[in-house]
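Visitor:
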């Protein structure tokens with residue numbers, strides 16, 4: 035089936051909503067994009083051009099009848115409240131409502147109140163930024179990111195498949211379908227619980243610092259990397275933790291149980307098997323998955339501390355029709371250079387890139 039998408043609505047034009055609008059525009063979308071947000075948010079969104087028309091949140095009912103697909107991009111509890119309000123609105127036949135919330139079960143359950151002539155598709159793009167607001171909108175935010183789709187029955191239909199085609203075309207993302215319970219269980223395991231663990235580790239370091247000076251001075255390198263997510267603000271996480279509390283609690287209990295086992299193994303000097311299993315599993319994640327997505331093949335390049343170095347690397351690859359899927363400055367010291375990480379679609383492309391770079395005097399190797 036083909037989805038009617040002449041008019042796209044974006045409710046809450048912040049980072050995600052603005053990026054969706056930008057992505058559609060940059061990818062050749064010929065329809066109209068309408069935004070609903072605060073007065074300042076709409077003014078900024080119109081200024082930067084990620085929407086064509088803007089309205090206040092309270093004008094949704096007045097304009098909803100002209101929208102084919104509505105993206106709900108507000109915090110989770112606001113998404114749920116908006117869905118409930120829309121249940122009593124006059125909505126057009128065939129209208130599609132979707133969301134970008136980080137949990138799915140509560141949102142999809144709430145959508146049961148919508149009239150039967152309106153279709154709801156749960157969505158969760160695995161993309162984001164530490165920045166917020168429409169001024170941080172990025173048309174390439176979703177490029178190569180995984181975008182989860184879901185529905186109340188937990189069975190993919192032609193509607194979700196058509197939505198997938200549209201999202202790939204305009205956002206450049208990769209989609210997978212999960213039933214909402216499975217999504218929330220996985221999200222609790224690989225995202226929500228790890229965030230709480232990062233918070234706990236930082237609190238442990240803080241408590242230790244109060245008794246043992248210089249603890250935080252030494253808390254760099256690996257500790258800083260593994261606790262980076264603890265810097266997120268609580269208001270941003272409140273709705274996630276509330277709406278996925280059951281799954282998070284289950285996985286926290288399992289983690290506490292595993293910690294208890296590790297404590298016993300530590301006492302008996304028997305942690306070798308646990309380390310082996312952990313290394314084996316971690317290796318599997320690196321080679322076959324990155325979150326919910328297949329891992330791209332990565333190359334590390336020794337970078338010289340000189341202007342234009344990254345541009346020179348990119349030029350070599352671009353001139354040979356090699357597409358860089360992701361790029362990251364891993365380590366750089368002023369005056370000494372550092373390491374650049376490049377990601378490619380496949381190991382074959384990585385090896386070709388390494389060969390070409392070597393021919394042009396760059397030192398590159400596959401990342402293990």
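Residue numbers (the working numbering): 35 to 402.
Ideal Cβ positions, reconstructed from N, Cα and C, are used throughout, including at glycine.
Model, not experiment: these values are computed from the prediction.
Under a Cβ-count criterion, where at least 16 other Cβ atoms within 10 Å of its own Cβ denotes burial, should residue 399 be classed as buried or exposed?
Guide: The residue labelled residue 399 in the question sits at position 365 within the chain shown. Counting Cβ neighbours within 10 Å, residue 399 comes out exposed, since fewer than 16 surround it.
Visitor: Does the structure place the stretch 131-139 close enough to the stretch 80-91 that three or more beta carbon pairs sit under 8 Å?
Guide: Not touching, per the Cβ criterion.
Visitor: Tell me which residues share the same chain as residue 222 and place their Cβ nearer than 6 Å to its Cβ, disregarding the 5 neighbours each side in the sequence.
Guide: If you number the chain shown from 1, residue 222 lands on position 188. Contacts found: 278, 281, 282 and 285.
Visitor: Thinking C-beta only, is residue 180 closer than 7 Å to residue 145?
Guide: As a working note, residue 145 is residue 111 in the chain shown. As a working note, residue 180 is residue 146 in the chain shown. No, the pair does not count as a contact, with Cβ atoms beyond the cut-off.
Visitor: Cβ of residue 377 within 7 Å of Cβ of residue 360?
Guide: Counting from one through the chain shown, the residue named residue 377 turns up at place 343. Counting from one through the chain shown, the residue named residue 360 turns up at place 326. Yes.
Visitor: Taking residue 132 and residue 103 to be in contact with their CB atoms under 8 Å, please state how far apart those CB atoms are, rounded to whole angstroms.
Guide: On the chain shown, position 98 is the one that residue 132 refers to. On the chain shown, position 69 is the one that residue 103 refers to. Rounded, the Cβ-Cβ distance is 7 Å, consistent with contact.
Visitor: So residue 155 and residue 178 are in contact, right, with Cβ under 8 Å, and what is the actual spacing, rounded?
Guide: Reading the chain shown from its first residue, position 121 is the one you call residue 155. Reading the chain shown from its first residue, position 144 is the one you call residue 178. In fact, because the Cβ distance is near 21 Å, the residues do not count as touching under 8 Å.
Visitor: Find the nearest neighbour of residue 288 within the set 379, 231 and 362, judged by alpha-carbon distance.
Guide: Counting from 1 along the chain shown, the entry for residue 288 is found at position 254. Closest option to residue 288, Cα to Cα, is 231.
Visitor: If you measure from the CB of residue 227, is any heavy atom of the ligand ADP nearer than 6 Å?
Guide: With respect to the ligand ADP, the structure offers nothing, as it holds no ligand at all.
Visitor: Are the stretch 192-212 and the stretch 147-161 touching, with three or more C-beta to C-beta distances below 8 Å?
Guide: Short answer: they touch.
Visitor: The beta strand (DSSP E) with residue 41 in it runs from where to where?
Guide: Position 7 of the chain shown, counted from the start, is the residue given in the question as residue 41. Note, residue 41: beta strand (DSSP E), 41-45.
Visitor: Between the stretch 51-68 and the stretch 166-177, do three or more beta carbon pairs fall short of 8 Å?
Guide: Touching, yes.
Visitor: Locate the beta strand (DSSP E) running through residue 151, then write down its first and last residues.
Guide: Translated into the one-based positions of the chain shown, residue 151 becomes position 117. No beta strand (DSSP E) contains residue 151, which DSSP labels as neither H nor E.
Visitor: Flag this pair as yes or no: are the beta carbons of residue 168 and residue 75 separated by less than 7 Å?
Guide: For the purposes of this step, residue 168 is identified with residue 134 of the chain shown, where counting begins at 1. For the purposes of this step, residue 75 is identified with residue 41 of the chain shown, where counting begins at 1. For residue 168 and residue 75, yes; Cβs fall inside 7 Å.
Visitor: Please determine if the stretch 347-359 and the stretch 375-390 are in contact, where contact requires at least 3 C-beta pairs separated by less than 8 Å.
Guide: As far as the Cβ criterion goes, the stretch 347-359 touches the stretch 375-390, which means the pair count is three or higher.
Visitor: Do residue 249 and residue 239 come within 7 Å of each other at the CB atom, strictly closer than that value?
Guide: Your numbering for residue 239 matches position 205 in the chain shown. Your numbering for residue 249 matches position 215 in the chain shown. Cβ distance < 7 Å, so residue 239 and residue 249 count as in contact.
Visitor: Relative to the C-alpha of residue 403, which candidate in 362, 305 and 37 has its C-alpha closest?
Guide: Because the chain in this structure spans residues 35 to 402, residue 403 falls outside the shown range and cannot be described.
Visitor: Out of 290, 266, 274 and 351, which has the shortest C-alpha to C-alpha gap to residue 166?
Guide: As a first step, residue 166 must be located in the chain shown, where it is residue number 132. It is 266.
Visitor: Can the beta-carbon of residue 261 be found less than 7 Å from the beta-carbon of residue 236?
Guide: The residue you call residue 261 lines up with position 227 of the chain shown. The residue you call residue 236 lines up with position 202 of the chain shown. Closer than 7 Å, so yes.
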